[in-house]
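For the sequence shown, our numbering gives the first residue as 72, with consecutive numbering after it.
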Amino acid sequence: MTQLAEEAPQRTLRVARTRRYLMCPPTHFDVVYSINPWMDPGKPVDGALARLQWDGLLRAFRALGHQVEFIEPLPGYPDMVFAANGATVINGRVLSARFRHEERVAEGPAYLEWFRARGYQTREAVFVNEGEGDYLHAGRYLLAGTGFRTDIRSHREAEKFFGMPVAGLRLVDPRFYHLDTALAVLDRDQIMYYPGAFSRESQGVLRVLYPDAIIANEADAEVFGLNAVSDGRHVLLPPAATHLMGELRERGYEPIGVELSELLKSGGSAKCCTLELRAARS
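Below, the structure is given as structure tokens:
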């Protein structure tokens, strides 16, 4: 009898979970100062195109069944569109952002007031941290970036406030100045990241905690392919991250390309525009 050909391994079945997000319209978006290597005030920004691209991200979230709330942007704060930087929200508790650069300082109190007005349990941060730019909730761990923006002392502050272990990760490449430009959480125990953005010690931590992680290459990272939003199945990321999209499909995820090229001029993409509102456990 002829031997049957070996069957290809089955892909893992990924399950999407409905999320609640906070977004800020890019009403005042522009690049008028430089606080990261991507920002060049000498390059023109198309505000109308930025709004169209942001609207495309919003439509994608709604098409997937996710709920989106909005905060009113402050005039004079062009980077307030990057809602992920505004706070960290876990189990209905909110740690405010405290920005390092003067140009963004007023955004922290504005986001904090939004949460207070809606009855969240809040803490005004003592040490500099830039919200989910450097804090990413990944299952039982809070992954915490430092090196360029967030003060390492804030890691202990977050650990005590949220009551969960913090895994500190040091960023070493200024192009990837926030953790969410170098690493994305796909599901509770699955991440993808670019090793070159991290110190040798932090690479070791990630290998131990996530031995099955998806590894991005430099080209993926440079187009902000890791500044992605995942609901556990669908992953929204820049379409230029072609290698990463292929890797995601191999692991059973459904990548969805979302073009945010105008916002990238300020060093942000899909994740930067999206703050997850994680409700208190019932």
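From the three backbone atoms N, C-alpha and C, an ideal C-beta is built for every residue, glycine too.
The alpha helix (DSSP H) that contains residue i, what's its start and end?
i, result
"Ser273", "Arg271 to Leu280"
"Met316", "Thr313 to Glu321"
"Ala181", "Glu178 to Ala188"
"Ala131", "Gly118 to Ala134"
"Ala290", "Glu289 to Glu293"
"Glu230", "Arg224 to Phe233"
"Glu333", "Ser332 to Leu335"
From the options, pick the residue whose C-alpha is nearest to that of residue i; which is it?
i, options, result
"Glu203", "Glu195, Ile161 and Pro96", "Ile161"
"Val103", "Ala350, Ser337 and Cys343", "Ser337"
"Pro18", "Arg227, Leu242, Asp244 and Val243", "Residue 18 falls outside the range modelled here, since the chain spans only 72 to 353, and no answer is possible."
"Gly216", "Ala196, Gln192, His249 and Pro149", "His249"
"Asn372", "Arg85, Ala268, Leu242 and Arg322", "In this structure the chain extends from 72 to 353, so residue 372 is not present and cannot be described."
"Leu135", "Tyr92, Leu277 and Glu321", "Tyr92"
"Thr221", "Gly234, Val197, Phe186 and Arg122", "Val197"
"Tyr324", "Leu308, Glu330 and Tyr206", "Leu308"
"Tyr354", "Asp258, Arg171 and Glu143", "Outside the displayed range of the chain (72 to 353) lies residue 354, so it cannot be described from this structure."
"His208", "Glu195, Glu330 and Ala238", "Ala238"
"Leu145", "Arg175, Ala119, Val276 and Asp117", "Arg175"
"Cys95", "Leu334, Arg352 and Tyr281", "Leu334"
"Phe141", "Thr98, Arg171, Asp111 and Ala350", "Thr98"
With C-beta atoms as the reference, is residue i less than 8 Å away from residue j?
i, j, result
"Asp159", "Ala87", "Looking at the sequence shown, residue 159 is not Asp but Thr. No, they are not a contact pair."
"Gln124", "Ser332", "yes"
"Phe219", "Pro149", "no"
"Gly210", "Asp251", "no"
"Val243", "Ser225", "no"
"Ala168", "Glu201", "yes"
"Gly163", "Gln192", "yes"
"Asp283", "His314", "no"
"Ile286", "Leu319", "no"
Compare the C-beta of residue i against all C-beta atoms of chain C and say whether one is closer than 8 Å.
i, result
"Ala154", "Among the chains in the structure shown there is no chain C, since it carries only a single protein chain."
What number of angstroms, rounded off, separates the C-alpha of residue i from the C-alpha of residue j?
i, j, result
"Leu75", "Arg82", "Any reading at Leu75 must be qualified, since the residue scores a pLDDT of 42, below 50, and its modelled position is unreliable; the value itself is stated next. Roughly 20 Å separates the two Cα atoms."
"Tyr264", "Asn156", "19 Å"
"Asp302", "Val256", "9 Å"
"Pro245", "Ile106", "11 Å"
"Thr73", "Glu321", "Reliability fails at Thr73, whose pLDDT of 42 lies under 50, so the model's placement of it is uncertain and no value is given."
"Gly328", "Arg130", "13 Å"
"Arg304", "Pro326", "8 Å"
"Cys343", "Ala188", "23 Å"
"Phe132", "Leu348", "14 Å"
"Trp185", "Gly179", "10 Å"
"Val165", "Asp117", "33 Å"
"Arg147", "Ala177", "In the sequence under discussion, the amino acid at residue 147 is Gly, which differs from the Arg named in the question. The alpha-carbon atoms of Gly147 and Ala177 are separated by roughly 10 Å."
Quick check on the DSSP output: the beta strand (DSSP E) that includes residue i runs from which residue to which?
i, result
"Asp258", "Leu254 to Asp258"
"Pro146", "Segment: none, Pro146 is in no beta strand (DSSP E) and carries neither H nor E."
Please tell me whether, using a cut-off of 7 Å, the distance from the CB of residue i to the nearest non-hydrogen atom of the ligand MG is below it.
i, result
"Gln138", "As far as ligands go, the structure on display features none, and thus does not contain the ligand MG."
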